[in-house]
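S.K.: Below are the structure tokens for one structure; questions will follow.
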Amino acid sequence: MISDIEIDSSTLLSVIGREEKSGKIYNFAHKNFYVITRYNRSRLYALAVYFLGEEIKNAKTKMERR
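Mind the numbering: the sequence shown is residues 12 to 77 in my numbering, read in order.
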């Protein structure tokens, strides 16, 4: 996954690994990931929330371009 988010070199990130059919995938997790896992401790839940948010953001951008 490639992100357009700029991150300062002093920002703390975690690396989250997960298995996919194509092999192991790694993502960087920011403070928001931690916040989401306080609600539900599942890493998969937090990833699903992130990916859903990205899809909503992309759909909104497409609608605004019309």
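Just so it is clear, CB atoms sit at the ideal spot from N, CA and C, and this is done for glycine as well.
Since the model is a prediction, treat every value here as computed from it, not as a measurement.
Quick check: the region 45 to 54 against the region 62 to 75, are there 3 or more CB pairs under 8 Å?
M.R.: In short, these stretches do not touch, since the Cβ pair count stays below three.
S.K.: Identify which residue in Ser25, Arg54, Ile67 has its Cα closest to the Cα of Lys42.
M.R.: Here residue 42 is taken as the residue at index 31 of the sequence shown, counted from 1. Nearest of Ser25, Arg54, Ile67 to Lys42, Cα basis: Ser25.
S.K.: Rounded to whole angstroms, what's the CA-CA distance from Ile18 to Ala40? Just pull it up for me.
M.R.: Within the sequence shown, residue 18 is the residue found at index 7, counting from 1. Within the sequence shown, residue 40 is the residue found at index 29, counting from 1. Going from the Cα of Ile18 to the Cα of Ala40 covers about 12 Å.
S.K.: Counting only runs of 3+ residues fully inside the region 30 to 76, write out the beta strand (DSSP E) ranges in chain order.
M.R.: Listed in chain order, they are 34 to 40.
S.K.: Short check: CB of Ile27 to CB of Arg54, under 7 Å?
M.R.: If you number the sequence shown from 1, residue 27 lands on position 16. If you number the sequence shown from 1, residue 54 lands on position 43. Against a cut-off of 7 Å, the Cβ pair of Arg54 and Ile27 comes out as a contact.
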